[in-house]
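Trainee:
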Amino acid sequence: MLVVVVWFTSAILSGAILSGALMPSSAHAAENSILGLRLGVIGVEGDAAQSEQTLRVVIETRTPVTPRVTLLHDPYRLVVDMPATHWQVENVPPRGILAKPPARAYRFGKPTPDMGRVVIELDAPAIPVRRFSLPPENGGYRLVLDLVDRGATAFSVAAKVLSREQMPVSRPLANASPALPAEPLSATVAASNGAASNRAARKGG
268 MLVVVVWFTS AILSGAILSG ALMPSSAHAA ENSILGLRLG VIGVEGDAAQ
318 SEQTLRVVIE TRTPVTPRVT LLHDPYRLVV DMPATHWQVE NVPPRGILAK
368 PPARAYRFGK PTPDMGRVVI ELDAPAIPVR RFSLPPENGG YRLVLDLVDR
418 GATAFSVAAK VLSREQMPVS RPLANASPAL PAEPLSATVA ASNGAASNRA
468 ARKGG
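Residue numbers for the sequence shown follow the working numbering, so the first one is 268 and each next one is one higher.
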């Protein structure tokens, strides 16, 4: 299956791409760090179920992560919690505006001292239809989430399913699990002005 990816480069208000190199810090040497946050529009050839426009969110980290993903509404939000994780994206602030629907803004915070949280604010009820990890390739480990707007009902169903996931716990770096195997990400840097299409809700399973 061929995955075609179109990345956008005007990600935040300042025009900077949401990616960067690790800035070493002795205080965080034994903990994880977010090195980059990238978003792009993808299409999957030969897959009728994925014919709708899909927004791919990639969170790049220094070591593998075991995240907890949740969905919130009023407004719609995608939340990714990662144990012992800090924001260390060079020249990119921990919050900003996004110019790619349905994502409109992002922010990073610490709900507890040992937990890092990435929040993507959405202007539509997009849900993660795929989630997988990729090993390093000229960078860090990559957590990939593909978001599709399938309506408010599907969003509510997905939010309930994701709410049953257990909160990840911090653990020593030496015990970190390896990234799950997956097909390599094929990306072409380009500007993209596509808008996410609303689709009818489907049955959750």
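The beta carbon of each residue, even a glycine, is placed where N, CA and C say it ideally should be. Keep in mind the model is a prediction, meaning the values are calculated, not measured.
(1) Applying the criterion that 16 or more other CB atoms from any shown protein chain within 10 Å of the CB defines a buried residue, is Ser300 buried or exposed?
(2) Beta-carbon separation of Thr352 and Thr328 under 9 Å?
(3) For the alpha helix (DSSP H) that Ala426 lies in, which residues bound it at each end?
(4) Thinking C-alpha only, which one of Leu401, Ala370, Ser423, Gln355 is nearest Leu302?
(5) How about Arg344 and Val324: are their beta carbons less than 9 Å apart?
(6) Ordered along the chain, which non-local residues of its own chain (more than five positions away) have a Cβ less than 7 Å from that of Arg374?
(7) Give every residue of the same chain whose Cβ lies closer than 7 Å to the Cβ of Leu447, excluding the five residues on either side of it in the sequence, and list them in chain order.
(8) Which parts of the stretch 374 to 411 are runs of the beta strand (DSSP E), unbroken and 3 residues or longer, counting only runs that do not cross its ends?
(9) Run through the DSSP bridge pairs and tell me what Leu414 is partnered with.
(10) What is the residue span of the beta strand (DSSP E) that Thr337 lies within?
(11) Just reading off the beta strand (DSSP E) that Arg344 is part of, what are its end residues?
(12) Please report the residue range of the beta strand (DSSP E) in which Arg362 lies.
(13) Count the other CB atoms, across all protein chains shown, that sit within 10 Å of the CB of Ile364; report buried if there are 16 or more and exposed otherwise.
(14) Exposed or buried, which one is Thr321 when buried takes at least 16 other CB atoms within 10 Å?
(15) DSSP beta-bridge partners for Glu327?
(16) With a threshold of 8 Å on Cβ separation, who are the neighbours of Pro342 within its own chain once the five nearest residues in sequence on each side are excluded?
Mentor: Inspection of the coordinates gives the following:
(1) That one is buried.
(2) Between Thr352 and Thr328, the CB-CB gap stays under 9 Å.
(3) Note, Ala426: alpha helix (DSSP H), 419 to 430.
(4) Of Leu401, Ala370, Ser423, Gln355, the residue nearest in Cα terms is Gln355.
(5) With respect to the 9 Å criterion, Arg344 and Val324 are not classified as neighbours on the basis of their beta carbons.
(6) The residues are Pro361, Arg362, Val386.
(7) In this predicted model, Leu447 has a pLDDT of only 31, less than 50, meaning its place in the structure is not dependable enough to derive any value.
(8) Considered as a whole, the stretch 374 to 411 harbours 382 to 389, 393 to 401 as its complete beta strand (DSSP E) runs of no fewer than 3 residues, in chain order.
(9) Its beta-bridge partners are Leu322, Pro395.
(10) The continuous beta strand (DSSP E) containing Thr337 extends over residues 335 to 339.
(11) Arg344: member of the beta strand (DSSP E) spanning 343 to 350, first to last residue.
(12) From DSSP, the beta strand (DSSP E) with Arg362 extends over 362 to 367.
(13) Label assigned to Ile364: exposed.
(14) By the beta-carbon neighbour count (other beta carbons within 10 angstroms, threshold 16), Thr321 is buried.
(15) The secondary-structure analysis by DSSP pairs Glu327 across a beta bridge with Gly303, Arg409.
(16) Within the same chain, Glu388, Leu389, Asp390 come within 8 Å of Pro342 by CB-CB distance, once the 5 residues on both sides are set aside.
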